[in-house]
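Enquirer: Per the working numbering, the sequence shown runs over residues 18 to 457.
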Amino acid sequence: MNTSADSNMVSRLFRTLNATHVAIGCCFIWYIVFSYFRPSPFVDESVHQDAIIGIHEGKIDFSGFPSLPAARNVGYGPWAGYHWTIAIISRLPGPSVSLSRFLTFVTSAAMIALYASVPWQQSGLRTSRSPLLLALLPILFPYTAMVYTDVLALFFIIGAIYLHAKISYALAAISMLLACLVRQTNILWVLYIVARSALGTWDLCKKESALANSHFWSVWVRHLLPQVLGYIVVIGLVVTLFISSGQILTSGFSENRAQPNSGNFYTLAFFALMLWAPIWFERAGNDVRSIVFAARRMPVRVGFLALILAAFGFMLISRYDNWHPWNWTPMALRNIPLILMDRYVLFRVIAVTCVFFAVWFVARFWSSQSNNSDLILLAFFAFLFLSAHPVVEPRYLIVPFVLSHFFVDYSNAQVTKLALWYISINVIICILIASGLAIW
18 MNTSADSNMV
28 SRLFRTLNAT
38 HVAIGCCFIW
48 YIVFSYFRPS
58 PFVDESVHQD
68 AIIGIHEGKI
78 DFSGFPSLPA
88 ARNVGYGPWA
98 GYHWTIAIIS
108 RLPGPSVSLS
118 RFLTFVTSAA
128 MIALYASVPW
138 QQSGLRTSRS
148 PLLLALLPIL
158 FPYTAMVYTD
168 VLALFFIIGA
178 IYLHAKISYA
188 LAAISMLLAC
198 LVRQTNILWV
208 LYIVARSALG
218 TWDLCKKESA
228 LANSHFWSVW
238 VRHLLPQVLG
248 YIVVIGLVVT
258 LFISSGQILT
268 SGFSENRAQP
278 NSGNFYTLAF
288 FALMLWAPIW
298 FERAGNDVRS
308 IVFAARRMPV
318 RVGFLALILA
328 AFGFMLISRY
338 DNWHPWNWTP
348 MALRNIPLIL
358 MDRYVLFRVI
368 AVTCVFFAVW
378 FVARFWSSQS
388 NNSDLILLAF
398 FAFLFLSAHP
408 VVEPRYLIVP
418 FVLSHFFVDY
428 SNAQVTKLAL
438 WYISINVIIC
448 ILIASGLAIW
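(1) What are the residues that DSSP puts in a beta bridge with Ile456?
(2) Among the candidates Ala187, Pro56, Arg300, Met128, whose CA atom is the shortest distance from the CA of Gly453?
(3) Pull up the distance between the alpha-carbon of Ala68 and that of Phe59, whole angstroms please.
(4) Distance check for Ile72 and Tyr93, CA to CA, integer angstroms please.
(5) For Phe59, which of helix, strand or coil comes out of DSSP?
(6) For Leu180 versus Val419, is the C-beta distance shorter than 9 angstroms?
(7) Going by other Cβ atoms of all chains shown within 10 Å of its Cβ, with 16 needed for buried, is Gly98 buried or exposed?
(8) Give the DSSP-derived three-state secondary structure of Trp340 in the structure shown.
(9) If you reduce the DSSP assignment to three classes, tell me which class Lys434 lands in.
(10) Helix, strand or coil for Tyr160 per DSSP?
(11) List in chain order: all unbroken alpha helix (DSSP H) runs of 4+ residues lying wholly within the stretch 91-126.
(12) Is the stretch 423-430 close to the stretch 386-403, with three or more CB pairs under 8 angstroms?
(13) Looking at the structure shown, is Gln244 part of a helix, part of a strand, or coil, going by DSSP?
(14) Please report the distance separating the alpha-carbon of Ser385 from that of Gly302.
(15) Do the stretch 197-213 and the stretch 244-251 touch if we need at least three Cβ pairs shorter than 8 angstroms?
(16) Could you tell me whether the stretch 275-290 touches the stretch 397-410, using the rule of 3 or more Cβ pairs below 8 angstroms?
(17) Could you check whether the stretch 305-322 touches the stretch 181-190, counting it as contact only if at least three pairs of C-beta atoms, one from each stretch, sit closer than 8 angstroms?
(18) If you drop the 5 nearest sequence neighbours on each side, which residues of the same chain put their C-beta closer than 6 angstroms to that of Asn90?
(19) Is it the case that the stretch 119-129 contacts the stretch 154-172, given that we only count it when at least three CB pairs across the two stretches are under 8 angstroms?
(20) By DSSP, does Leu30 sit in helix, in strand, or in coil?
(21) Assign Pro136 to one of two classes, buried (16 or more other C-beta atoms within 10 Å of its C-beta) or exposed (fewer than that).
(22) Less than 9 angstroms separating the beta-carbons of Ala455 and Leu153?
(23) Can you tell me whether Asp67 is helix, strand or coil according to DSSP?
(24) Under 9 angstroms between the Cβ atoms of Ala451 and Val50?
(25) For Ala88, which residues of its own chain have a beta-carbon under 6 angstroms away from its beta-carbon, when the five flanking residues on both sides are left out?
(26) Between Ser192, Leu169, Leu171, which lies nearest to Ala177 when the distance is taken from Cα to Cα?
(27) For Thr202 and Phe402, I'd like the C-alpha separation in whole angstroms.
(28) Within 10 angstroms of its Cβ, does Ala328 collect 16 or more other Cβ (buried), or is it exposed?
(29) With burial defined as no fewer than 16 other Cβ atoms inside 10 Å of the residue's Cβ, what is the status of Ser84: buried or exposed?
(30) Going along the chain, which residues of its own chain have a beta-carbon closer than 7 angstroms to the beta-carbon of Leu292, five neighbours each way excluded?
(31) Helix, strand or coil for Ser307, going by three-state DSSP, please let me know.
(32) Would you call the CB atoms of Leu357 and Asn344 closer than 9 angstroms?
(33) Please state whether DSSP places Ile6 in a helix, a strand or coil.
(34) Please classify Ala289 as buried or exposed, where buried requires at least 16 neighbouring CB atoms within 10 angstroms.
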């Protein structure tokens with residue numbers, strides 16, 4: 018009997034449980050603090066709470082199927098999953114902001130526990146993940162106790178990953194369907210799971226078909242179909258929803274119709290630099306040396322590449338326009354750089370430079386990972402996901418950043434640095450939110 022292995026397993030489990038408890042405890046503290054200082058709805062909480070109250074009062078208009086309510090006198094479509102869930106649970110005590118926030122916190126706690134329970138080794142994911150990196154992610158943490166849809170949607174996505182790793186493909190597909198009922202653009206993450214399943218079975222099927230001397234495509238379909246059939250059904254259902262509504266984002270707001278906004282990609286670059294700052298400082302010396310080495314070894318190629326980047330950067334600088342009306346409110350911190358970029362050329366130059374550095378740092382970092390093909394696929398779907406959103410909003414980055422944690426192999430020291438960095442950012446943003454001064 019291997020007592021050493023058993024001891025290590027217990028030690029890892031103990032550390033994981035501790036991290037899970039601490040993560041949930043941080044969310045609970047934020048729930049108490051936020052509820053105490055901001056007892057009334059804050060920013061978009063009022064929109065979602067009005068929707069919950071409207072459903073509770075029976076003001077349901079199926080003629081607007083499928084619609085996301087904007088106020089109590091607007092139709093409540095059956096696909097507003099978050100609002101229906103909270104309204105049903107709140108039926109007996111009656112809906113209230115405090116109850117809705119508490120239910121969001123409970124969902125956050127369940128999400129963190131589920132994340133910690135993912136069978137990492139069975140699914141080809143990294144095994145060093147700390148629940149703290151999920152709970153303390155600064156673009157997610159404030160919403161773990163707020164009346165927003167993001168936590169419930171993320172819970173179902175993580176649930177699908179958990180179930181898929183457990184080979185419960187039908188239940189995983191149902192979980193992704195529920196994620197789409199909360200936020201319709203999650204259909205892209207259904208496609209992502211299908212694509213990753215296809216790539217994941219490719220090498221296995223190549224080996225099996227070679228050994229069995231059988232046709233590769235028949236072997237591949239035989240392995241892949243059981244994994245993705247449920248997701249294909251989900252895609253069909255959600256596409257039917259889109260066709261019936263005549264739009265991709267089923268929202269009552271005309272400003273929320275699906276179309277790309279370059280500001281989302283600038284925001285992605287800003288947050289990639291900010292959220293992974295400890296990693297960049299750690300790697301900066303080697304990354305800068307690699308640029309200098311390439312410039313000395315291949316000066317012509319590097320110079321030509323610099324000219325291409327300069328031309329591309331000039332195009333970005335000259336064409337930038339902060340066109341969405343919701344991105345002109347200074348109270349939202351995300352809007353400040355967008356407003357400055359719209360008004361001043363200097364800030365556009367800085368922003369484009371940030372984009373180039375973010376692409377370089379992330380590409381170098383991800384290429385060093387053992388499963389970089391997963392990260393490349395994730396980057397592609399993150400690009401598609403952001404392209405569907407017209408308003409610039411850091412909340413749209415939550416799923417890509419959380420999924421990246423599934424594939425990046427951080428060292429224990431890096432996990433600690435990131436967790437401490439996230440805490441410092443959260444202290445600042447939570448003080449601003451609790452005081453009513455700002456939000457992301």
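For glycine and all other residues, C-beta sits at the position ideal for the given N, C-alpha and C. None of the values given here were measured: they were computed from a predicted structure.
Expert: The structure says:
(1) Ala349
(2) Pro56
(3) 15 angstroms
(4) Any reading at Tyr93 needs caution, since the residue's pLDDT is 44, under 50, leaving its predicted position unreliable; the model's value is listed next. Whole-angstrom Cα-Cα distance: 7 angstroms.
(5) coil
(6) no
(7) buried
(8) coil
(9) helix
(10) helix
(11) 98-106
(12) yes
(13) helix
(14) 15 angstroms
(15) yes
(16) yes
(17) no
(18) Reliability of the predicted coordinates at Asn90 is poor, the pLDDT of 37 falling under 50, and the value obtained from them is presented with this limitation in mind. Closer than 6 angstroms at Cβ, skipping near neighbours: no residue.
(19) yes
(20) Here Leu30 scores only 47 on pLDDT, less than 50, and its place in the model is too uncertain to base an answer on.
(21) exposed
(22) no
(23) helix
(24) yes
(25) A caution first: Ala88 carries a pLDDT of 38, below 50, which makes its placement in the model unreliable, though a value can still be read off. Around Ala88: Asp67.
(26) Ser192
(27) 7 angstroms
(28) exposed
(29) At Ser84, the pLDDT of 41 sits below 50, so the modelled position is not reliable and the matter cannot be decided from this model.
(30) Pro155, Phe418
(31) helix
(32) no
(33) Summary: the structure shown does not reach residue 6, with the chain confined to residues 18 through 457, and so no result is reported for it.
(34) buried
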